Amino acid sequence: MHWLNWSKLSNTKDKGWLGFRKMFNEALLTKQLWRFIFHPNLLVSKVLKAKCFYNSSILTAAPPKGASWFWQSMCSVRNFLSEEIRRIGDGKSDNIWMDRWIPSSEGGRILTTKPDHCTFTSVDQLIQGKCWNRILLKNLFCDRDVANIIKILISLTRRNDRWFWPHAPSGNYSVQSGYKVLKRRQEEQAKKPVRGTESSRNNQQAEVWNFTWNAKVKHKIRHFIWRCLSRIIPTNAYFFRRTKKGSPYCNRCETAQESIEHILFFCDHAKSVWNLAPVQWDGLEEARGDFWEWWNMIRLATNEKGDKENAVITANILW
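Per the numbering used here, the sequence shown starts with residue 76, numbered consecutively.
Structure below.
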């Protein structure tokens, strides 16, 4: 049984998850996709093309229903790669209005809307001899597009169009440069403004998670508390809700449903353990109905009194 999906597990620890390196994995996958594009004669590239995108491109082919895990993984990073790569060369295979061929432009595409009855379609039609046709550029495009196009150096050897990764001097994709782009995107996303109440709630949650992960206890205990806070402890009530099998009631007392709070606080066995505990928290009984609220009050009490030893003892008792 899957307890949590990958998108949550790969999020950062201050947001309540395990911080798996999702971006690094995406950068590695993108490297493989780049390899298939630049080395179409490899056996694996030929097999993949014959099976998955025989009549189309690896960047545009739609994944069929029931596609293999490998092909689905490749498709998961296609948008990232196609949004960042550009095409350079003689311009014969680049569409002026559709393709990403301008390295210095955000998105790589022309900003100008295609004029009515315009017959120019390929980039090579904008070239006159070995330089850009500036008169034509000014007639077709806005000033910003013209400035970006003029910056592009025209190939003197008239080589065929090829993909170019603008974030590396060599033009070739690398895991390091891909990771940096993904990281920058994440930082830009994080800078977006958040509503006041939502921001306050997120800050409190981050403080709870940081308190949990920084607790001076064994890692298995921190992980257990994380599971309690994330409500993914395999209790009878949880199993019954997911599978509709078995009984949701506690195996020890058989008087109430076996929830996280029942196991840790309300079961007769749990009560006897807390009565013998060397540490007591005053005023927290009312919060025992919700483990998250109870643990948050432990955090607040610890910060107020500066007594982290009691929090450590409590964590060990929970374990």
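Note that beta-carbon positions come from the ideal geometry of N, C-alpha and C, so glycine has one too. Nothing here was measured: the structure is a model prediction, and the numbers come from that model.
Where residue i and residue j are concerned, what is the direct C-alpha to C-alpha distance, given to the nearest angstrom?
{"i": "Q203", "j": "N223", "result": "17 angstroms"}
{"i": "R363", "j": "L304", "result": "13 angstroms"}
{"i": "T272", "j": "M98", "result": "Below a pLDDT of 50, predicted positions are generally treated as unreliable, and T272, at 47, falls in that range; the measurement from the model is reported next regardless. Taking the straight line from one Cα to the other gives about 29 angstroms."}
{"i": "S151", "j": "I185", "result": "26 angstroms"}
{"i": "T194", "j": "N214", "result": "13 angstroms"}
{"i": "S148", "j": "L103", "result": "11 angstroms"}
{"i": "L212", "j": "K126", "result": "42 angstroms"}
{"i": "Y24", "j": "E379", "result": "Because the chain here runs from 76 to 394, residue 24 falls outside it and cannot be looked at."}
{"i": "L339", "j": "A290", "result": "19 angstroms"}
{"i": "N326", "j": "E333", "result": "8 angstroms"}
Can you tell me the Cβ-Cβ gap for residue i and residue j, rounded? I've got them flagged as a contact below 8 angstroms.
{"i": "I335", "j": "T310", "result": "6 angstroms"}
{"i": "S197", "j": "K167", "result": "6 angstroms"}
{"i": "K189", "j": "W172", "result": "5 angstroms"}
{"i": "G253", "j": "T105", "result": "5 angstroms"}
{"i": "L123", "j": "R153", "result": "13 angstroms between Cβ atoms; not a contact."}
{"i": "R302", "j": "I308", "result": "5 angstroms"}
{"i": "L257", "j": "E101", "result": "6 angstroms"}
{"i": "W349", "j": "A376", "result": "Actually they do not touch by this definition, with Cβ atoms about 16 angstroms apart."}
Taking its Cβ as the centre, do 16 or more other Cβ atoms sit within 10 Å of residue i, making it buried, or is it exposed?
{"i": "W176", "result": "buried"}
{"i": "W19", "result": "An answer regarding residue 19 cannot be provided, because it is not within the stretch 76 to 394 covered by the chain."}
{"i": "A312", "result": "buried"}
{"i": "A352", "result": "exposed"}
{"i": "H344", "result": "exposed"}
{"i": "V269", "result": "For V269, the pLDDT reaches just 49, beneath the cut-off of 50, and the residue's location in the model is therefore unreliable, leaving the point undetermined."}
{"i": "G321", "result": "exposed"}
{"i": "L118", "result": "exposed"}
{"i": "G183", "result": "buried"}
{"i": "F113", "result": "exposed"}
{"i": "T287", "result": "buried"}
Please report the residue range of the beta strand (DSSP E) in which residue i lies.
{"i": "W238", "result": "R237 to F239"}
The alpha helix (DSSP H) that contains residue i, what's its start and end?
{"i": "T158", "result": "Rather than Thr, the amino acid found at residue 158 in this sequence is Glu. Start and end: R153 to E159."}
{"i": "C193", "result": "C193 -> no alpha helix (DSSP H), and no H or E assigned at all."}
{"i": "I224", "result": "D218 to I225"}
{"i": "K346", "result": "D343 to L351"}
{"i": "N311", "result": "N311 to T318"}
{"i": "V292", "result": "It is not in any alpha helix (DSSP H) - V292 carries neither H nor E in the DSSP assignment."}
{"i": "W109", "result": "K97 to F113"}
{"i": "V122", "result": "L118 to C127"}
{"i": "N214", "result": "R209 to L215"}
Considering only C-alpha positions, which residue in the set the options is nearest to residue i?
{"i": "Q62", "options": "W367, H114, S249 and C127", "result": "Residue 62 is absent from the model: the chain starts at 76 and stops at 394."}
{"i": "I160", "options": "R259, L118, L134 and D199", "result": "L134"}
{"i": "T293", "options": "N391, M372 and A345", "result": "Reading off the sequence, residue 293 comes out as Lys, not Thr. When only C-alpha atoms are compared, the closest one is N391."}
{"i": "F216", "options": "H192, D199, T187 and H242", "result": "T187"}
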